[in-house]
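Following: one structure in structure tokens, then a few remarks.
Protein chains: 2
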Amino acid sequence: MRSSASSVRSQIAETIAVGSELLVGGRSDSNSLFITDALGTIGVEVRFKSIVGDDQSDIAHVVKAACRRARIVIMTGGLGPTVDDCTREAVAAITGFRLARRKEALEGMRARLAQWGRIPNTGQLRQALIPSGARVLLNPVGSAPGFALTWRGTHIIALPGVPGEMRAMVQQSVIPYVITQLEGTPSQCRQPLTRMIFHTWGMPEADVDARLMGLVPIRMPVALGLLASPAGVLVSLTTKGEGRLKEGALAALADKVRGRLGEWIYAEGQDTMEQVVGRLLCEQKRTVAVAESCTGGLIGQRLTQVPGSSEYVDRAAVCYSNRAKIEMLGVSEKLLESHGAVSQEVAAAMAKGMRERAGVSVALSVTGIAGPGGATDNKPIGLVYIGLDGGNDDVMTKEFRFHGDRSVIRQRAAQAALDMLRRWLVGRGRT
Amino acid sequence: MRSSASSVRSQIAETIAVGSELLVGGRSDSNSLFITDALGTIGVEVRFKSIVGDDQSDIAHVVKAACRRARIVIMTGGLGPTVDDCTREAVAAITGFRLARRKEALEGMRARLAQWGRIPNTGQLRQALIPSGARVLLNPVGSAPGFALTWRGTHIIALPGVPGEMRAMVQQSVIPYVITQLEGTPSQCRQPLTRMIFHTWGMPEADVDARLMGLVPIRMPVALGLLASPAGVLVSLTTKGEGRLKEGALAALADKVRGRLGEWIYAEGQDTMEQVVGRLLCEQKRTVAVAESCTGGLIGQRLTQVPGSSEYVDRAAVCYSNRAKIEMLGVSEKLLESHGAVSQEVAAAMAKGMRERAGVSVALSVTGIAGPGGATDNKPIGLVYIGLDGGNDDVMTKEFRFHGDRSVIRQRAAQAALDMLRRWLVGRGRT
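Protein chains in written order, with our numbering: chain A, 1 to 431; chain B, 432 to 862.
Now the structure itself:
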């Protein structure tokens with residue numbers, strides 16, 4: 001077991017997400033994951049996360065508890081312009097630092113609002129209230145500034161809860177600030193925590209687990225993690241804070257993971273399936289079009305969320321009705337009647353029709369039953385056919401039977417289709 | 432401000448999610464939302480949530496802090512068969528209750544595994560270790576039993592982290608247990624907690640705030656909450672645990688919210704924009720088709736994620752290239768040349784072309800610049816045109832200038848387009 005928290009307090013961080021909607025609203029705190037990653041790169045380990053509503057005394061309770069066990073406490077949320085935003089007041093109350101309107105906070109906000117042709121309103125003026133002695137952290141994206149102060153040896157940093165604003169401020173202000181504050185810390189406490197991530201698709205979690213058995217030698221300070229989701233199984237290697245790793249040891253482990261999982265790995269790190277596919281399409285100077293039925297636009301949406309995707313995405317058609325399949329893709333009425341819309345034959349015809357009409361290098365198609373309605377005796381919910389047409393009679397189709405609710409089936413179908421395209425492109429890239 | 436936490440400790444609950452993957456894995460703790468809802472029905476308010484990794488001393492820190500501020504502490508996770516599961520050990524260590532293998536825990540597990548034709552292995556035998564004096568909570572779904580004990584006046588309940596197991600145990604064991612334990616609590620502390628939600632679109636948060644000023648009378652035990660996101664501003668009314676509300680008082684407040692925000696409210700409760708639009712289309716027996724450029728399939732995806740949407744969604748076209756706009760929608764090349772793809776004129780032509788080709792009641796179109804590339808001097812990132820064609824020269828277009836990154840601009844554009852359709856349908860429904 002690791003040494004007690006107090007003795008290693010120097011490298012421990014805690015995130016506190018403030019907002020009643022995070023307690024009851026079905027909204028989850030995604031900011032803390034970003035902060036955990038960012039702090040990890042400079043050797044600071046987030047070991048605790050707290051969530052608390054917009055209640056000043058509750059926030060004070062949580063901040064005090066955090067300061068007992070962590071040296072860096074990063075708060076998100078509760079800095080907005082409305083009266084239920086009370087992070088400022090809670091921090092001022094426990095630390096005893098009085099709130100005052102700060103010139104640099106006000107000026108930063110004024111400058112930002114001026115870009116949008118606006119001036120601060122009463123609520124926004126509240127946002128310029130900063131505890132005395134705190135450093136103002138300017139917000140390059142929105143109106144609310146943040147702040148950083150030190151209380152009883154713990155650095156308390158307060159940021160807005162809006163993800164885009166929080167992210168920009170973590171990168172521009174928080175990381176440099178924390179590095180400066182920790183300069184006196186012994187360096188062995190600050191080796192970067194490294195995490196390598198491998199995204200796999202198509203192999204059950206138990207099989208991934210079996211393939212990776214015995215991968216990490218006992219006593220090596222690296223944790224192997226597996227996490228299953230509708231996007232596949234994520235494999236992670238994370239260095240632990242204690243103990244030193246030999247130079248190159250993590251890279252060697254990563255190579256072993258790649259060797260054991262091969263083409264089942266579709267991406268690494270922060271990469272997504274659509275980025276990988278997009279890069280392959282760019283490299284090979286190919287264009288793509290998609291014909292979707294049960295995924296309803298999900299594949300098009302994913303492909304086009306990559307910046308620059310207009311270089312290789314020509315179009316997508318969501319053909320929900322049979323008539324749309326006939327008119328948009330030229331699928332024959334006879335084929336639809338004889339095999340049904342959810343069939344291998346129609347998937348192939350959709351891909352072929354799309355490729356020919358769009359004049360692209362490759363077309364992808366999906367047809368299936370996402371449920372909850374639409375199932376028949378021999379076509380159950382979760383039955384999905386995916387087609388790919390690469391021209392010159394290079395057509396393939398594949399049948400899938402997915403489990404889950406409507407949303408999960410749609411996600412899995414989109415992922416399977418993109419993975420089919422990825423594998424096809426990888427194969428083409430080699431020849 | 433509400434009274435200090437200690438004086439109302441009787442009704443306060445905290446959830447603790449145990450698991451290193453919840454700190455770093457990109458997986459969020461969804462169990463706590465279920466527990467919050469379940470406890471809310473019996474008048475117990477979850478006011479704090481904590482997340483901690485699989486480290487015994489860290490878990491002990493968090494449990495101790497929770498016991499200082501809450502009377503009910505519900506832990507999930509860390510009860511599995513592997514060595515990094517150490518919730519049992521952490522609770523035993525802080526409470527001083529020794530761990531012992533308990534007969535009823537072992538028998539329940541044996542019976543369950545026997546159904547699957549298995550016997551407990553060494554790891555699973557560890558799962559029958561329960562702190563002395565604790566009540567065993569049988570697991571009707573999986574192998575790990577839970578337990579409940581009282582320490583320093585706080586009820587600590589430990590459950591497995593697997594959502595299906597946790598849910599069954601909350602319903603079958605935890606709720607009855609908590610009711611029994613709280614029987615001595617004055618009944619006014621145990622009225623069910625109610626939350627009403629209103630989703631608005633198109634009005635800045637500060638304006639929503641201003642419209643709702645003074646809505647909730649001082650001393651009425653209801654909290655008004657506001658939350659801004661790319662989907663709009665969410666307004667919530669939540670009853671507080673302390674104090675009694677007059678019969679009908681919350682409903683009267685809800686009516687005031689509706690009166691003050693009017694048609695800016697697009698949905699209430701768990702409803703989504705696409706569900707509301709879908710219901711209106713069904714009621715009015717209208718069909719819809721969508722022509723998307725910068726949203727890339729997001730609108731089609733959202734419309735079709737509603738079960739039964741095949742009744743009213745005919746098709747969607749993602750026309751990323753100009754050629755696709757010409758071929759799929761019949762937009763004239765001349766129009767594209769003279770006004771550019773991102774223009775009021777092209778938005779109108781896209782909607783008209785789609786409505787005519789699909790033969791639907793109404794068509795929606797979006798064209799814009801989501802960034803980061805594609806901006807010109809007079810067409811900045813965030814410029815979006817939305818068109819709607821309802822037939823018989825009932826065409827409208829609207830210009831928007833959204834802020835945010837590519838993903839946020841796409842989300843806002845999709846939401847604005849669906850809201851335009853919603854308002855059009857509401858207007859049509861009246862005539």
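No residue lacks a Cβ here, since even glycine has one placed at the ideal position from N, Cα and C.
(message) 8 Å is my cut-off, CB to CB: does B:H630 come that close to chain A?
(response) Cβ-Cβ to chain A under 8 Å: no for B:H630.
(request) Would you identify the three-state DSSP class for B:A845, choosing helix, strand or coil? (result) Of the three classes helix, strand and coil, the one that applies to B:A845 here is helix, per DSSP.
(request) Taking A:Y177 as part of the beta strand (DSSP E), name the residues at either end of that continuous run. (result) For A:Y177, no beta strand (DSSP E) run applies; the uninterrupted alpha helix (DSSP H) run containing it begins and ends at I175 to Q181, by DSSP.
(request) Could you tell me which of B:M704, B:L729 and B:V708 sits nearest to B:G860, measuring between CA atoms? (result) Comparing Cα-Cα distances from B:G860 to each of B:M704, B:L729 and B:V708, the minimum goes to B:V708.
(message) Bridge partners for A:V222 per DSSP, in chain order?
(response) According to DSSP, which records beta bridges pairwise, A:V222 is partnered with A:T239.
(request) Report yes or no: is there a C-beta of chain B within less than 8 Å of the C-beta of A:D207? (result) For A:D207, the nearest beta carbon of chain B is not closer than 8 Å to its own beta carbon.
(request) Output yes if chain B places a C-beta closer than 8 Å to the C-beta of A:I472; else output no. (result) For chain A, the structure presents residues 1 to 431; residue 472 of chain A sits outside this window and is missing.
(request) In the DSSP assignment, find the unbroken beta strand (DSSP E) run with A:F198 in it and report its ends. (result) For A:F198, the enclosing beta strand (DSSP E) stretches over residues R195 to T200.
(message) Let's test the definition: count the other Cβ atoms within 10 Å of the Cβ of B:I561 and tell me whether it reaches 16, buried, or not, exposed.
(response) Classified as buried, B:I561 has 16 or more neighbouring CB atoms from the shown chains inside 10 Å of its CB.
(request) Find out if the Cβ-Cβ distance for the pair A:V91, A:V63 is shorter than 8 Å. (result) Result yes, Cβ atoms of A:V91 and A:V63 sit closer than 8 Å.
(message) Can you list, in chain order, the residues of its chain with a C-beta nearer than 6 Å to that of B:K829? Leave out the 5 residues immediately preceding and following it.
(response) Cβ neighbours of B:K829 beyond the five flanking positions: I817.
(request) Quick one: grab the DSSP three-state call for A:F97. (result) Three-state DSSP puts A:F97 in coil, outside helix and strand.
(request) Go through its chain and collect everything with a Cβ distance to B:G584's Cβ below 6 Å, but skip five positions before and after it. (result) There are no such residues.
(message) Counting only beta-carbon separations shorter than 8 Å, does A:S407 have a partner in chain B?
(response) Yes - at least one Cβ of chain B is within 8 Å of the one on A:S407.
(request) Please go through the region 57-115 of chain A and give each complete beta strand (DSSP E) segment of 3 or more residues, from N-terminal end onward. (result) Complete beta strand (DSSP E) runs here, min 3: 72-76 and 99-101.
(request) Just the C-alpha distance for B:I490 and A:E45, rounded to the nearest angstrom, thanks. (result) Spanning the two alpha carbons is a distance of roughly 15 Å.
(request) Report, in whole angstroms, the separation of the C-beta atoms of B:A501 and B:I443, which I expect to be a contact under 8 Å. (result) Confirmed, Cβ separation roughly 5 Å.
(request) At 4 residues or longer, and completely inside the region 686-759 of chain B: list those alpha helix (DSSP H) runs for me, N to C. (result) 704-714 and 729-735, all fully within the region 686-759 of chain B.
(request) Can you give me the Cβ contacts of A:E292 inside the same chain, cut-off strictly under 6 Å, excluding the 5 residues immediately before and after it? (result) Excluding positions up to five away in sequence, the list reads I299, V318 and V366.
(request) Identify whether B:P594 lies in helix, strand or coil by the three-state DSSP scheme. (result) In the structure shown, B:P594 sits in a helix (DSSP, three-state: H, G or I).
(request) Kindly indicate which three-state DSSP category B:I466 falls into: helix, strand or coil? (result) Helix, per DSSP.
(request) Give a yes or no on whether 8 Å exceeds the smallest Cβ distance from A:S310 to chain B. (result) At least one CB of chain B lies nearer than 8 Å to the CB of A:S310.
(message) Which residues does DSSP list as the beta-bridge partners of B:T798?
(response) B:T798 pairs with B:Y816.
(request) Using a Cβ cut-off of 9 Å, pull out every chain B residue sitting near A:G225, in sequence order please. (result) Neighbours of A:G225 in chain B, taken as residues at a C-beta separation under 9 Å, are given in chain order as S451, E452, V455 and G456.
(request) Give the interface partners of A:P204 over in chain B, defined as CB-CB distance under 7 Å, in chain order. (result) What A:P204 touches in chain B, judged by beta-carbon distance under 7 Å, is nothing: the nearest beta carbon there is about 17 Å away.
(request) Quick one: grab the DSSP three-state call for A:R9. (result) A caution first: A:R9 carries a pLDDT of 48, below 50, which makes its placement in the model too unreliable to give a value.
(message) Looking at the strands, I want to know which residues DSSP matches up with B:W582.
(response) B:W582 pairs with B:T585.
(message) Taking the beta carbon of B:I812 as the centre, do at least 16 other beta carbons fall within 10 Å, making it buried, or is it exposed?
(response) It counts as buried.
(message) Alpha carbons only, please: which of A:L22, A:D84, A:A223 and A:A351 is nearest the one belonging to B:E636?
(response) Proximity to B:E636 across A:L22, A:D84, A:A223 and A:A351 peaks at A:D84, based on C-alpha coordinates.
(request) Provide the residue span of the alpha helix (DSSP H) that contains A:K334, from first to last. (result) Where A:K334 is concerned, the enclosing alpha helix (DSSP H) stretches over E333 to H339.
(request) Answer yes if the region 356-375 of chain A comes into contact with the region 279-296 of chain A, meaning at least three C-beta pairs across the two stretches below 8 Å, and no otherwise. (result) Flag = yes, the region 279-296 of chain A and the region 356-375 of chain A touch.
(request) Output the distance between the C-alpha atoms of B:R746 and A:R98, rounded to the nearest integer angstrom. (result) Going from the Cα of B:R746 to the Cα of A:R98 covers about 59 Å.
(message) Can you pull the chain A neighbours of B:C498, defined as C-beta to C-beta under 8 Å?
(response) Listed along chain A, no residue sits closer than 8 Å to B:C498 by beta-carbon distance, the nearest being about 11 Å off.
(message) Whole angstroms are fine: how far does the CA of B:A659 sit from the CA of B:L684?
(response) Straight-line measurement puts the Cα of B:A659 at about 21 Å from the Cα of B:L684.
(message) Between B:T625 and chain A, is any beta-carbon pair separated by less than 8 Å?
(response) No, its Cβ sits nowhere closer than 8 Å to a Cβ of chain A.
(message) Taking the alpha-carbon of A:A210 as reference, which of A:R195, A:Y320 and A:V257 has the nearest alpha-carbon?
(response) Among A:R195, A:Y320 and A:V257, the Cα nearest to that of A:A210 belongs to A:V257.
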